[in-house]
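In our numbering, the protein residues as written are 369 to 704. All residues carry an ideal CB built from backbone N, CA and C; glycine is no exception. In what follows, a single structure is set out as structure tokens and then discussed.
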């Protein structure tokens with residue numbers, strides 16, 4: 369089975385950008401991705417903060433007409449901050465708008481300011497996350513649902529809008545690259561999107577935890593997914609310089625907001641040198657030949673799905689389209 373690729377579209381912008389001015393560029397990227405053999409498009413979610421961010425579900429709905437047959441997913445929708453009934457209806461709506469091509473990427477979130485502003489404790493993340501997923505899956509079945517949880521209760525109610533996909537969109541989990549995160553993703557989701565900063569050796573370890581938990585539970589491994597950052601240029605050193613600058617700018621913005629910045633899971637946010645080390649180990653800021661080699665290594669580890677992000681912060685549209693074109697013509701043929 370050939371390696372499958374997705375594209376993470378930038379939907380959070382520098383403070384001086386008016387996102388309305390970027391919609392046409394986002395549509396252009398989605399069309400180019402669709403024509404480049406890329407199978408899905410993804411957008412992220414944050415609330416508040418210093419970067420104006422288009423919220424993911426309406427953004428994906430707006431991009432659906434440009435996506436062709438691509439799937440459209442959230443990477444990640446911060447599930448504990450929303451009620452599961454609302455989320456079930458919202459993603460079912462997206463599934464109808466996309467003709468059954470929605471993917472529900474759910475994460476727990478980590479920023480203290482977001483949780484404080486919603487009046488939800490960070491210590492409630494896991495409980496709310498797990499209860500929500502169970503209730504959403506039940507609602508997507510279309511059958512009457514009764515649940516009496518710690519956080520959410522519902523009595524003999526059915527969803528107003530069954531999803532197009534029987535049983536609802538696949539749920540892909542966002543979780544930290546550690547044993548508990550891998551096991552949670554294996555237990556709750558149809559896939560786990562491993563974060564882009566996980567270095568190759570660590571990736572082998574956490575995927576081992578994920579596979580082992582799936583086997584223990586008797587559940588199939590449908591996809592093995594990792595995100596990677598990608599800048600392509602004929603000159604490998606120039607690609608590295610472009611990528612380090614653009615990714616570094618957005619990393620500095622993300623690091624301003626409280627995160628559990630301890631341990632390897634957040635090393636890329638802890639210092640400029642750490643971020644550079646992570647980039648050199650894990651990101652694909654290279655020429656086409658270097659990208660092919662790195663992606664072949666991931667394929668050899670058993671990865672089946674790579675979500676590529678090609679734009680951060682101030683990186684111009686021309687560079688994104690150039691990377692997409694090079695990916696289509698020089699990289700993708702090696703995987704077909």
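| Check | Outcome |
| --- | --- |
| Run of the beta strand (DSSP E) containing residue 469, from where it starts to where it stops | That residue, residue 469, is in no beta strand (DSSP E); it is neither H nor E in DSSP. |
| DSSP bridge partner residues for residue 442 (one or two, in chain order) | 411 |
| Buried/exposed call for residue 636, threshold 16 Cβ in 10 Å | Confidence in residue 636 is poor, its pLDDT being 49 and thus under 50, which makes the residue's placement too unreliable to answer from. |
| Residue 587 burial status per 10 Å Cβ neighbour count (16 or more: buried) | exposed |
| Residues of its chain near residue 705, where Cβ-Cβ distance is below 7 Å and the 5 sequence neighbours each way are ignored | In the structure as shown, the chain starts at 369 and stops at 704, and residue 705 therefore has no counterpart that could be examined. |
| For residue 387, the nearest candidate out of 399, 395, 422 (CA to CA) | 422 |
| CB contact below 7 Å: residue 672 versus chain E | Of the protein chains in the structure, only one exists, and it is not chain E. |
| Close Cβ partners of residue 390 (< 7 Å) along its chain, the five nearest in sequence each way excluded | 381 |
| For residue 516: DSSP bridge partner residues | 521 |
| Sub-7 Å separation of residue 469 and residue 440 beta-carbons | yes |
| 7 Å CB neighbourhood of residue 486 in its chain, flanking five on each side removed | 449 |
| Residues bridged to residue 666 (per DSSP) | Bridge partners of residue 666: none, in fact. |
| Where residue 638 sits in the DSSP three-state scheme | Unreliable positioning characterises residue 638 in this predicted model, as indicated by a pLDDT of 47, which lies under 50. A coordinate reading is not provided. |
| Separation of residue 483 from residue 566, as counted between CA atoms | 25 Å |
| Per-residue burial, residue 463 [other beta carbons within 10 Å of its own, 16 or more giving buried] | buried |
| Contact between the region 597–608 and the region 694–704 (3+ Cβ pairs under 8 Å) | yes |
| One or two residues paired with residue 595 in a DSSP bridge | 675 |
| Exposed unless 16 or more other CB atoms sit within 10 angstroms - verdict on residue 628 | No answer about residue 628 holds up, because its pLDDT of 49 lies below 50 and its placement is not dependable. |
| DSSP three-state assignment for residue 488, whether helix, strand or coil | coil |
| Residue 605 burial status per 10 Å Cβ neighbour count (16 or more: buried) | exposed |
| Residue nearest to residue 501 in terms of C-alpha spacing, selected from 481, 491, 373, 476 | 476 |
| Nearest to residue 662 (by Cα), restricted to the options 553, 558, 596, 443 | 596 |
| C-alpha gap between residue 563 and residue 504, whole angstroms | 24 Å |
| Separation of residue 554 from residue 548, as counted between CA atoms | 10 Å |
| Neighbour-count burial assignment, residue 481, 16 or more Cβ in a 10 Å radius | exposed |
| Cβ-Cβ separation, residue 373 to residue 671 (assumed contact under 8 Å), whole Å | With 8 Å as the limit, residue 671 and residue 373 do not qualify as a contact, their Cβ atoms being about 11 Å apart. |
| Cα-Cα separation, residue 402 to residue 435 | 6 Å |
| Same chain, Cβ closer than 6 Å to residue 472, neighbours up to 5 away in sequence not counted | 459, 537, 539 |
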